[in-house]
Every structure is written in structure tokens, then in C-alpha cells.
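>
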Amino acid sequence: MTQSRRDEPELGYGKPPVSNRFKKGQSGNPKGRPKNRKRGLPYDHILGQMVTIREGGRERRVTAAEAFLLHLTKKGLEGDSAAARAALAAIEDARSKRPEEQTLARTIVCKSVSPGSVGQAIDALGMAVKLHPYTKDARYALKPWIVQVAVNRLKPGKLTLADQQVVVAATRTPEKVVWPDWWEARS
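The letter at position 145 of the sequence shown is residue 145 when you use UniProt numbering, and the numbering goes up by one with no holes.
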């Protein structure tokens, strides 16, 4: 038995087989149009280029937008009313596009530091202890751990014997420090 040609679906250009056709409700382009570069004119690129201008016999580099605005302003000041209007319009346009100023904290806290306050900092950090705090002989003595860290970083011969003696004298408990072999001053 042969089917009539009317029962067969038409195939060809623009008429795909029924099995390959889009289902109802399914888009033929689910991802949409691919993104391309902007088709508009590249104003930002052109006006962002650096150009050299001469003002009062001195050359300086500015953006093309700034040079254009300076030229318009100059013509406006010379009496060209159209250029003056264009310059003012460009300035107002730039101001309107500028983001609004954020409210910043307007309070400035100023804390003065005197040279003697370094002791307070190293005391707070646990690096030193104040000895005899209520006498004229008050001084800070470094804790052994900070001296140990500093001594471990030194290379042999970096400190003279006199410098080593100062370090030992400034250490609160020098017997707790593991002095390197090259260290000559002892407690």
C-alpha cells in the first residue's frame, strides 16, 4: 500500500522533520543573542587619550576631553556664545554624571605621642616591664623572649662587646635567654 503525497509531511529548506522541530514553548535560541562589543561610537576611548597642549609657552599632557573643554571655554571667553553654551552644558553634564559625595566621617582624632610613651606601648605589648615605677630610677627592662627573638636574627659579629653588654643590662632576666655561641657578654 502506498501512501498519498498529502499524508507525508513536507521536507526541505525551512521545513525540518517533525522529530527535529522545536517543542511547543521551547525557544530556538535559548541563550539569546551573543554579546558583542558596543556598536556605538567609541567616545570614551577617544576622549580618554592623552594629548599634549601648550599653555603660556609650557607644554603639558591632558586628556582629549580636557583639551576639548579648554578649547571650548577659550572660544566662549573670546565671545563665541555657542561655544560658551556648549562648554557650560558639558560641565553640567559631567557634574550630573559624577557620583554624589559620600558622607565621610568628619571627626579627626588626634593623639599626641611623646617620646616617653614608647614604654607604654612595649609594656602593653608585653615586651617589657617597668622596674621601680615610682622612683627616679624607673626604667623598662626587656622580657627575655623578645631579646631571644632579636638575638636569633643577628649574624655573628654584628654587635660589639659594648653593645652586647647594653643588651644584657637591658634584659630583665638575662639568664633565661639562650645566648648564641659567638655572644661574648654574659650576665
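All C-beta atoms in this analysis are idealised placements derived from N, C-alpha and C, irrespective of residue type, glycine included. Note that this is a predicted model, so its numbers are computed, not measured.
Taking the DSSP output, what are the residues bridged to T52?
Looking up residue 52 in the sequence shown gives position 52. In the DSSP output, where bridge partners are listed per residue, T52 has R61.
> Can we say the segment 135-153 touches the segment 173-181, given the rule of at least three CB pairs closer than 8 Å?
yes
> Would a C-beta distance cut-off of 7 Å place A170 and L142 closer than the cut-off?
For the purposes of this step, residue 170 is taken as the residue at position 170 of the sequence shown. For the purposes of this step, residue 142 is taken as the residue at position 142 of the sequence shown. Yes, they are a contact pair.
> Determine the closest residue to R61 out of Q49, H71, L69, L72, with distance taken between C-alpha atoms.
One-based indexing of the sequence shown puts residue 61 at position 61. If we check each option's Cα against that of R61, Q49 comes out closest.
> Could you give the uninterrupted runs of the beta strand (DSSP E) lying entirely in the segment 123-166, keeping only those of 3 residues or more?
128-131, 139-142
> Is the segment 126-138 in contact with the segment 149-169, if contact means three or more CB pairs nearer than 8 Å?
no
> Can you say whether Q164 is buried or exposed, counting buried as having 16 or more other CB atoms within 10 angstroms of its CB?
In the sequence shown, the residue the question calls residue 164 occupies position 164. Answer is buried; the Cβ neighbour count reaches 16.
> Grab the span of the alpha helix (DSSP H) containing D80 for me, first residue to last.
The residue labelled residue 80 in the question sits at position 80 within the sequence shown. Per DSSP, D80 belongs to no alpha helix (DSSP H) and is neither H nor E.
> Beta carbon of A65, beta carbon of L47: below 7 Å?
Taking the first residue of the sequence shown as position 1, residue 65 is located at position 65. Taking the first residue of the sequence shown as position 1, residue 47 is located at position 47. Yes.
> For K15, write down the residues that DSSP places opposite it in a beta bridge.
Taking the first residue of the sequence shown as position 1, residue 15 is located at position 15. K15 pairs with G12.
> Can you give the Cα-Cα distance for P17 and K97, rounded to whole angstroms?
In the sequence shown, the residue the question calls residue 17 occupies position 17. In the sequence shown, the residue the question calls residue 97 occupies position 97. Whole-angstrom Cα-Cα distance: 55 Å.
> Going by C-alpha distance, which of L77, V51, P144 is nearest V168?
If you number the sequence shown from 1, residue 168 lands on position 168. Considering only alpha carbons, the answer is P144.
> Of all the options G56, G57, H71, which has the alpha carbon lying nearest to the alpha carbon of T63?
In the sequence shown, the residue the question calls residue 63 occupies position 63. Per the Cα distances, H71.
> What three-state label does DSSP hand T171 in the structure shown?
Counted from its first residue, the sequence shown places residue 171 at position 171. In this structure, T171 counts as strand in the three-state DSSP scheme.
> Any idea if A87 is buried or exposed, counting beta-carbon neighbours within 10 angstroms, 16 or more meaning buried?
Here the question's residue 87 lines up with position 87 in the sequence shown. By the 10 Å Cβ count, A87 comes out buried.
> How long is the line joining the alpha carbons of K136 and A162, rounded to whole angstroms?
Translated into positions along the sequence shown, residue 136 becomes position 136. Translated into positions along the sequence shown, residue 162 becomes position 162. Rounded to the nearest angstrom, the two C-alpha atoms are 25 Å apart.
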